[in-house]
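K.L.:
Have a look at the structure that comes next, please.
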Amino acid sequence: MSPISKDQYYFIAPCTFELLGGQMKLGDRLLTVRPPWACKVCGSPDKGDFEIPKDVWKTVVPTEYQNKVVCVECFGKFACEKQVELFRVGLDLLNLKG
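Taking our numbering, the leading residue of the sequence shown gets 204, the next gets one more, and so forth.
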């Protein structure tokens, strides 16, 4: 087995079940590759589910991280360092009836 890249996260499924002649049997553990959704700044996984306009991203995020995954906490730190004020826009604001 090749070494695990630090850009990928692996997890082992606890078990699988196989259909064998009409009966279920416990199968072997599976090694599955998860997408590399870890922040490239701090390494924390699964905190990159947010959207930022491209012009804001280019203003806030340092050049070395602009084409990489950056978590919301690190994005906020970069914004503070550059004194960019952020605010959250909720989807419910788009559905206002007037």
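Even for Gly, the Cβ is constructed at its ideal location relative to N, Cα and C.
#1: What's the gap between the Cα of tyrosine 268 and the Cα of cysteine 277?
#2: Measuring from the CB of lysine 243, is there a heavy atom of the ligand MN at a distance below 6 Å?
#3: One question on the structure: do phenylalanine 281 and valine 263 come within less than 7 Å of each other, judged by their Cβ atoms?
#4: Of the choices Val272, Pro256 and Cys283, whose alpha-carbon is the least far from that of tryptophan 240?
#5: Taking the alpha carbon of glycine 246 as the reference point, which residue from Gln286, Cys274 and Thr266 has its own alpha carbon closest?
P.N.:
So, to answer that:
#1: By one-based count along the sequence shown, residue 268 stands at place 65. By one-based count along the sequence shown, residue 277 stands at place 74. Taking the straight line joining both Cα atoms gives about 11 Å.
#2: Ligands in the displayed structure: none, and consequently the ligand MN is not present.
#3: As a first step, residue 281 is located in the sequence shown; it is residue number 78 there, counting from the start. As a first step, residue 263 is located in the sequence shown; it is residue number 60 there, counting from the start. Contact: yes.
#4: For the purposes of this step, residue 240 is taken as residue 37 along the sequence shown, with counting starting at 1. Residue Val272 is the option with its Cα nearest to tryptophan 240.
#5: As a first step, residue 246 is located in the sequence shown; it is residue number 43 there, counting from the start. Nearest of Gln286, Cys274 and Thr266 to glycine 246, Cα basis: Cys274.
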